[in-house]
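Undergrad:
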Amino acid sequence: MEHLDADLLSLLALGEPVGTDADAAHLAGCPTCSDTLRGLRHAVHIATLDPGGVELEKPGSQNWTAIHQALGLSPALATDPLNQHSVPRGAPPERSAIDPATAQAPLNHGSKTASAPAPIRPSAKNRAARPGLWMMAAAAGIILGTAAGWVAAGVIGHTGTPSPSSTQTAPASIVLAQTSLSPLPAHTGSGDARVEQLPDGTRQLMIRLSNDHITGFRGVWVGSADLTKMVSLGVLANESGNFTIPAGIDLAQYPIVDISNQPYNGDPAHSADSIARGKLNLKN
Numbered sequence: 002m003e004h005l006d007a008d009l010l011s012l013l014a015l016g017e018p019v020g021t022d023a024d025a026a027h028l029a030g031c032p033t034c035s036d037t038l039r040g041l042r043h044a045v046h047i048a049t050l051d052p053g054g055v056e057l058e059k060p061g062s063q064n065w066t067a068i069h070q071a072l073g074l075s076p077a078l079a080t081d082p083l084n085q086h087s088v089p090r091g092a093p094p095e096r097s098a099i100d101p102a103t104a105q106a107p108l109n110h111g112s113k114t115a116s117a118p119a120p121i122r123p124s125a126k127n128r129a130a131r132p133g134l135w136m137m138a139a140a141a142g143i144i145l146g147t148a149a150g151w152v153a154a155g156v157i158g159h160t161g162t163p164s165p166s167s168t169q170t171a172p173a174s175i176v177l178a179q180t181s182l183s184p185l186p187a188h189t190g191s192g193d194a195r196v197e198q199l200p201d202g203t204r205q206l207m208i209r210l211s212n213d214h215i216t217g218f219r220g221v222w223v224g225s226a227d228l229t230k231m232v233s234l235g236v237l238a239n240e241s242g243n244f245t246i247p248a249g250i251d252l253a254q255y256p257i258v259d260i261s262n263q264p265y266n267g268d269p270a271h272s273a274d275s276i277a278r279g280k281l282n283l284k285n
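So this is what it looks like as structure tokens:
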């Protein structure tokens, strides 16, 4: 079964009006996608929870002390930001909200007096609101982490394509014919040849032939039984290679597999110097 896309489920969890009727029908009948969406909606609910009515327990100053030491922060940051009245032993005294070095004198504009700029340090009200922001950030991380986990586990993915089940097997190739390749006089190379039909119907001639000391390159051919007709399939550059047999070639009429020593003279015809040869044993 092909499951819904991860992005689509995420948008549905956020309340976006997305998806087709087919997606809705799939969601209604698929326990996996329904459970995934339910989990995403729960994470969104946590992320968007209003912390105004939630009473949070303020962590002790020892937590900030441990953080300060672990990160190696400067002594100026030793004071617990959530409890400015708690000053660790040996830490410098806390500065006032307005730093005398940065405060500006009042500016006279006629009869009006401009006040000094607002302090950079957040107010107690802003500090009290920080835990709520931390909650939302943490919940957002839960959403991303949960979605990433589901994708990694194969529950949902960008393509929506499930992993193949153990009962699904790829179509196998069919062996149509095979033969051994025997060396001809003055040569020592030997091996075997096999014809396989691939799942798409293409026929492949698979050659394995040991190296031989020749002066040219090795050409691969199929020919008639009397060798009066030869069809070139390519060049065998290594000890093994695969070659596509043209659709119009009837192996019953071209049962001979021939490997030739072709000189570097630009002539595409068979050189009449065969290295190894064999007759295909066609299977019914």
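One point on numbering: in this note's numbering, the residue at position 9 of the sequence shown is 10, and numbering is uninterrupted.
Built from N, CA and C at the ideal position, the CB exists for glycine as well.
(1) Check whether the Cβ atoms of Gly283 and Leu234 lie closer than 8 Å to each other.
(2) For Leu28 and Leu5, what's the separation of their Cα atoms in angstroms?
(3) Run through the region 158-242 for me and flag every whole beta strand (DSSP E) of 3 or more residues, listed as ranges in chain order.
(4) Is the region 62-69 touching the region 38-52, taking contact as three or more C-beta pairs under 8 Å?
(5) Report the residue from Thr80, Leu74 and Ala48 whose alpha carbon sits nearest the alpha carbon of Gln63.
(6) What distance in whole Å lies between the Cβ atoms of Gly279 and Ser181, which are believed to be in contact at a cut-off of 8 Å?
(7) Once DSSP output is grouped into helix, strand and coil, what is the label at Asn266?
(8) Under 8 Å between the Cβ atoms of Gly224 and Ile257?
(9) What does a CB cutoff of less than 7 Å around Pro18 pick up in its chain, not counting 5 residues either side in sequence?
(10) Gly40 lies in the alpha helix (DSSP H); which residues open and close that run?
(11) Determine the DSSP secondary structure at Leu72, reduced to helix, strand or coil.
(12) Quick one: residues in its chain with C-beta nearer than 6 Å to the C-beta of Asp259, no 5 flanking neighbours on either side, listed in chain order?
(13) I'd like the list of long-range same chain contacts for Ser1, defined as Cβ closer than 8 Å, with 5 residues on each side in sequence excluded.
(14) Classify Ser183: buried if its beta carbon has 16 or more other beta carbons within 10 angstroms, exposed otherwise.
(15) Quick one: Cα of Glu197 to Cα of Ala173, how far?
(16) Output needed for Ala226: all residues of its chain with C-beta closer than 7 Å, excluding positions within five of it in sequence on either side, in chain order.
(17) Return the first residue and the last residue of the alpha helix (DSSP H) that Ala253 is part of.
(18) Have a look at Gln205 and Pro247 and give me their C-alpha separation to the nearest angstrom.
(19) Measuring only the C-alpha atoms, how far is Gly91 from Leu9?
(20) What residues in its chain sit with their C-beta under 7 Å from that of Ala178, if we drop five residues either side in the sequence?
(21) Distance, Cα to Cα, Ala187 vs Gly249?
(22) How big is the Cα-Cα spacing for Ala270 and Thr203?
TA: The structure says:
(1) Working through the sequence shown from its first residue, we reach residue 283 at position 282. Working through the sequence shown from its first residue, we reach residue 234 at position 233. First, the residue type needs correcting, since residue 283 is Leu and not Gly in the sequence shown. Not closer than 8 Å, so no.
(2) As a first step, residue 28 must be located in the sequence shown, where it is residue number 27. As a first step, residue 5 must be located in the sequence shown, where it is residue number 4. Between Leu28 and Leu5, the C-alpha separation is close to 8 Å.
(3) 175-184, 192-198, 204-210, 218-224 and 231-237
(4) no
(5) Locating residue 63 in the sequence shown gives position 62, counting from the first residue. Selected option, being the one with the closest Cα: Thr80.
(6) Here residue 181 refers to the residue found at position 180 of the sequence shown. Here residue 279 refers to the residue found at position 278 of the sequence shown. 5 Å between Cβ atoms; contact.
(7) As a working note, residue 266 is residue 265 in the sequence shown. Coil, per DSSP.
(8) In the sequence shown, residue 224 corresponds to position 223, counting from 1. In the sequence shown, residue 257 corresponds to position 256, counting from 1. The answer is yes: Cβ separation under 8 Å.
(9) Reading the sequence shown from its first residue, position 17 is the one you call residue 18. Cβ neighbours of Pro18 beyond the five flanking positions: none.
(10) By one-based count along the sequence shown, residue 40 stands at place 39. Note, Gly40: alpha helix (DSSP H), Pro32 to Ala48.
(11) Translated into positions along the sequence shown, residue 72 becomes position 71. Here Leu72 sits in helix by DSSP.
(12) Taking the first residue of the sequence shown as 1, we reach residue 259 at position 258. Answer for Asp259: Trp222, Gly224, Ser275 and Arg278, listed in chain order.
(13) Within the shown structure, residues of the chain are numbered from 2 to 285, placing residue 1 beyond reach of any answer.
(14) Taking the sequence shown and counting its residues from 1, one reaches residue 183 at position 182. So Ser183 ends up on the exposed side.
(15) Here the question's residue 197 lines up with position 196 in the sequence shown. Here the question's residue 173 lines up with position 172 in the sequence shown. Spanning the two alpha carbons is a distance of roughly 10 Å.
(16) By 1-based counting over the sequence shown, the position of residue 226 is 225. If we look at Ala226 and ignore the five residues flanking it on each side, its Cβ neighbours are Pro256 and Ile257.
(17) Residue mapping note: residue 253 aligns to position 252 of the sequence shown, counting from 1. No alpha helix (DSSP H) contains Ala253, which DSSP labels as neither H nor E.
(18) For this step, residue 205 is matched to residue 204 along the sequence shown. For this step, residue 247 is matched to residue 246 along the sequence shown. Near 9 Å, if we compare the C-alpha coordinates of Pro247 and Gln205.
(19) If you number the sequence shown from 1, residue 91 lands on position 90. If you number the sequence shown from 1, residue 9 lands on position 8. Residue confidence for Gly91 is low, a pLDDT of 49 falling below 50, so the modelled location carries little weight; the figure read from the coordinates is stated next. Going from the Cα of Gly91 to the Cα of Leu9 covers about 55 Å.
(20) In the sequence shown, counting from the first residue as 1, residue 178 sits at position 177. Cβ neighbours of Ala178 beyond the five flanking positions: Val196, Leu252, Leu281, Asn282, Leu283 and Lys284.
(21) Residue numbering aside, residue 187 sits at position 186 when the sequence shown is read from its first letter. Residue numbering aside, residue 249 sits at position 248 when the sequence shown is read from its first letter. Going from the Cα of Ala187 to the Cα of Gly249 covers about 34 Å.
(22) Against the sequence shown, residue 270 aligns to sequence position 269. Against the sequence shown, residue 203 aligns to sequence position 202. Each residue's Cα considered, the two are about 25 Å apart.
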